Amino acid sequence: MLDKILLVSDGIIVIAADTFTLPDNHDTAISLHVQEHGADLRIGNCVINLPVVVLEHLEQAEGTNVYFYQSSPYAIIAPFVGGIEISRDELLKIKGAWEYSYAPS
Numbered sequence: 001m002l003d004k005i006l007l008v009s010d011g012i013i014v015i016a017a018d019t020f021t022l023p024d025n026h027d028t029a030i031s032l033h034v035q036e037h038g039a040d041l042r043i044g045n046c047v048i049n050l051p052v053v054v055l056e057h058l059e060q061a062e063g064t065n066v067y068f069y070q071s072s073p074y075a076i077i078a079p080f081v082g083g084i085e086i087s088r089d090e091l092l093k094i095k096g097a098w099e100y101s102y103a104p105s
């Protein structure tokens with residue numbers, strides 16, 4: 001589902017498959033879950049892997065915005081799908097849980 005994550009000053013850009021769409025009700029359809037690699041951002045039935053490097057970037061960035069663009073292997077231009085904002089408090093909780101559970105001692 002996921003092709004690339006780009007780090008930008010106010011969050012990240014996710015280049016997703018051309019079938020990706022954002023659900024109408026962002027508040028109930030989006031959740032973060034701790035994983036060994038960092039976290040999973042679940043949007044409806046789509047799962048986006050966020051490595052620890054991305055969590056660290058979002059922790060330090062000016063904002064916690066996630067912008068989505070659709071792309072296919074042969075597309076030159078990736079159209080904008082929409083964006084969400086991850087709660088900074090939720091992000092810090094997930095990062096802390098990852099550090100407690102998986103960070104090397």
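Each residue of the sequence shown is one higher than the last, beginning at 1 in the numbering used here.
Positions of the beta carbon are idealized from the N, C-alpha and C atoms, including for glycine.
Since this is a predicted model, take the numbers as computed values, not measurements.
- For Pro-51, DSSP records a beta bridge to Gly-38.
- With a contact defined as Cβ atoms closer than 8 Å, Ile-5 and Ser-71 miss out at about 12 Å.
- Spatial neighbours of Gly-44 in its own chain (CB-CB distance under 6 Å, excluding positions within 5 residues in sequence) are listed in chain order as Pro-23, Ala-29.
- Residue environment: Ile-77 is assigned as exposed (fewer than 16 neighbouring CB atoms within 10 Å of its CB, all protein chains considered).
- Within the same chain, Ser-9, Asp-10 come within 6 Å of Glu-62 by CB-CB distance, once the 5 residues on both sides are set aside.
- By the Cβ neighbour-count rule, Phe-20 is buried, with 16 or more other Cβ atoms within 10 Å of its own.
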